[in-house]
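Here is the structure we will look at, set down as structure tokens.
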Amino acid sequence: MGVFVFLPLVLPLTALPVARLAEQHLHPRTAARLLTAIAAVMAASCAISLCLLFVVGTAHLAGNPLPDTWSDPEVREAVPFHRTVGSAAIVALLVVVAACARTLRRHLRVRVHSREALRGLPGGPGVAVLPDERPYAYALPGAPGRVVVSTGMLAGLTPQEQRVLLAHERAHLTHHHHRYLLATQLAACVNPCLRPLRQAVAYSTERWADEEAAQRVGDRRLTARAVARAALISGPPAAGPRTAGLPAFAAPGPVPRRVAALLAPGPHHSGWPPVHSRTGLATMVAAAGTAASAMSSLNAAVALLLLLKAATPL
Amino acid sequence: MRDASTDQGPAAAVAFPRVRRRGQGELEAQVLAVLRTAAGPVTAGWVQQQLDGGLAYTTVMTILSRLHAKNAVSRSRTGRSYHWLAASDAAGLAALRMRRVLDTQADRDAVLASFVSALLPEDEELLRALLDSATDGSEA
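Structure, rendered in structure tokens:
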């Protein structure tokens with residue numbers, strides 16, 4: 000298996016440029032799907048690599064449940080740096096499992112609690128309008144999904160803008176955007192280098208829903224206005240620590256970018272960009288990196304399995 | 000007759016499994032719905048009578064206190080007991096509970112897709128400019 004086992008752990012470093020290029024140049028739907036797939040494959044490869052290193056690492060610990068022959072000198076010989084890297088992998092795998100469990104638990108908790116909050120509310124599935132002066136609007140996933148919107152939010156928008164808002168939230172529900180978000184969140188737990196993909200997918204799903212809403216109401220400007228107005232009535236900007244001190248380098252936040260994108264002509268709907276363009280190149284690089292990641296973890300997995308099979312007397 | 004102590008016998012034992020099955024939210028909504036039908040402040044006993052679910056007096060009291068903690072009902076002391084008044088309807092109650100979910104769970108944005116995310120400090124200016132251009136364009 001050699002050094003190939005480490006490749007899936009390092010390849011996610013390509014996530015940052017890939018995420019940037021894809022979210023800027025691809026159609027939001029394509030970007031969300033592509034980036035989620037990349038994140039999932041890279042994270043799975045990473046997890047496999049970690050598991051392999053974990054097996055190698057635990058083999059030399061006394062009292063481990065694995066067969067003794069797995070820690071034969073020959074096996075160790077075939078696996079590079081089994082002691083240090085193996086021990087590190089044990090820690091890393093535990094951290095990854097804990098982080099994933101935490102993310103999943105939070106996800107379920109928020110969903111259960113918000114569903115609980117709406118129980119007893121007449122109207123069944125569809126839109127739940129809650130009397131609250133605080134402006135908010137959420138898509139609550141589930142079967143059936145529900146759109147939750149406060150009267151505070153609706154009051155700040157014209158009837159046409161309210162249609163945009165509802166179309167946007169319904170698009171989230173129809174296309175199961177929460178699955179993309181959860182998948183990339185879990186991926187980011189497996190390897191922190193995949194975090195840019197999580198942010199890019201979150202942005203892309205918003206853009207995707209914006210485009211759907213614009214198509215539904217047939218007016219991009221109206222959609223842009225609705226997003227901008229909703230953001231402005233949602234309250235003064237929080238004093239975010241993210242940009243504190245360096246305003247000159249701060250890129251605009253996601254909302255202005257969404258509005259600007261809606262004011263620009265719509266994205267073209269062709270599935271894949273031409274190969275010779277910058278976007279095409281980025282897509283190719285991303286696909287190649289993902290494939291390499293998957294292949295090397297597969298390679299390492301097969302190599303170790305063969306090795307351990309040979310070492311296990313059956 | 001409607002004293003808490005008289006209802007604590009077999010009636011309470013029968014009522015509690017029902018409470019579990021129907022869930023907190025639904026019961027709270029029911030009690031609130033009954034309170035809404037009242038012309039003015041009413042006693043917990045009156046609420047219990049109106050609810051045809053055979054709920055124990057103590058259960059009704061518990062639900063009323065819980066609703067009170069959520070600011071969904073108000074109460075005033077009359078003699079030795081309280082009189083209850085609905086502050087909001089089922090939607091209001093749902094709003095209160097939803098607000099609690101939104102307040103307490105910092106990571107809700109990771110799960111629930113919000114229409115708009117929080118603005119960065121310098122976004123507001125930019126957004127107003129964009130909004131102006133969007134409005135001008137449509138009126139022109």
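Protein sequences appear in the order of chains A and B. According to numbering that gives the first Met the number 0, the first sequence holds residues 0 to 313 in order. According to numbering that gives the first Met the number 0, the second sequence holds residues 0 to 139 in order. Every residue, glycine too, gets a C-beta built ideally from N, C-alpha and C.
Segment contact: the segment 14–28 of chain A against the segment 196–208 of chain A, three or more CB-CB distances shorter than 8 Å; contact assigned. Residue burial annotation: G217/A is exposed, with fewer than 16 other C-beta atoms found within 10 angstroms of its C-beta. Rounded to the nearest whole angstrom, the C-alpha separation of K308/A and A302/A is 10 Å. Residue contact check for S116/B against chain A: a CB pair falls below 8 Å. Only buried fits E160/A, as 16 or more other CB atoms lie within 10 angstroms of its CB. Leaving aside the five residues that flank V200/A on each side, the residues in its chain whose CB is nearer than 6 Å to its CB run, in chain order, A31, L34, T35, Y179 and T183.
Taking 8 Å as the upper bound for CB-CB distance, A42/A and V284/A are not in contact here, some 18 Å apart. Taking 8 Å as the CB threshold, E22/A stays off the interface with chain B. Distances from the CA of T58/B to each of A43/B, S116/B and S113/B were compared; the closest alpha carbon is that of A43/B. Relative to the Cα of D209/A, the nearest Cα in the group A187/A, T157/A, P266/A and P251/A belongs to P266/A. Using a Cβ distance threshold of 8 Å, L129/A and S149/A count as a contacting pair. Its Cα nearest to that of A223/A, the residue H167/A stands out among H167/A, C192/A and H177/A. The beta carbons of L92/B and A37/B sit about 16 Å from each other, so the pair does not count as a contact at 8 Å. Residues of chain B whose Cβ lies closer than 7 Å to the Cβ of G252/A are, in chain order, L118, L119 and D122.
Between the C-alpha atoms of S64/B and V30/B there is a straight-line separation of about 11 Å. By DSSP's assignment, S113/B forms a beta bridge with Y137/A. Counting only Cβ-Cβ distances below 7 Å, L120/A has contacts in chain B at A89, A90 and A93, in chain order.
The residue from R206/A, L231/A and T311/A with its alpha-carbon nearest to that of L262/A is R206/A.
Residues of the segment 24–35 of chain B that bring their beta carbon within less than 8 Å of a beta carbon in chain A comprise G24, E25, E27, A28 and Q29, in sequence order. The C-beta of R96/B comes closer than 8 Å to at least one C-beta of chain A. Distance from the CA atom of A133/B to the CA atom of V126/A, rounded to whole angstroms, is 28 Å. Shown here, T311/A sits in coil according to DSSP, grouped into three states, outside any helix or strand. In this chain, T77/B is not harboured by any alpha helix (DSSP H); it is covered by the beta strand (DSSP E) spanning V72 to T77. Against chain A, the beta carbon of V41/B has no neighbour under 8 Å; the closest one sits roughly 20 Å away. With respect to chain B, the C-beta atom of S233/A has a partner C-beta closer than 8 Å. Only buried fits Q47/B, as 16 or more other CB atoms lie within 10 angstroms of its CB. Residue pairing for S86/A: DSSP places it in no beta bridge. Within the DSSP secondary-structure output, H167/A pairs in no beta bridge. Assignment of H82/B by DSSP, reduced to helix, strand and coil, places it in the strand class. Contact residues of the segment 106–117 of chain A toward chain B are H106, R108, V109, R110, H112, S113, E115, A116 and L117 (C-beta to C-beta distance below 8 Å). The Cβ atoms of D131/B and G252/A lie no closer than 8 Å to each other. Its chain contains Q161 as the residues whose beta carbon lies nearer than 6 Å to that of L153/A, once the 5 sequence neighbours on both sides are disregarded; these appear in chain order. Here DSSP, grouped into helix, strand and coil, assigns R118/A to coil. Beta-bridge partners assigned by DSSP to V126/A: V146/A.
Nearest Cα to T29/A within the set L120/A, P158/A, H174/A and V111/A: H174/A. A91/A and L49/A do touch by the CB rule: their CB atoms are close to 6 Å apart, below 8 Å.
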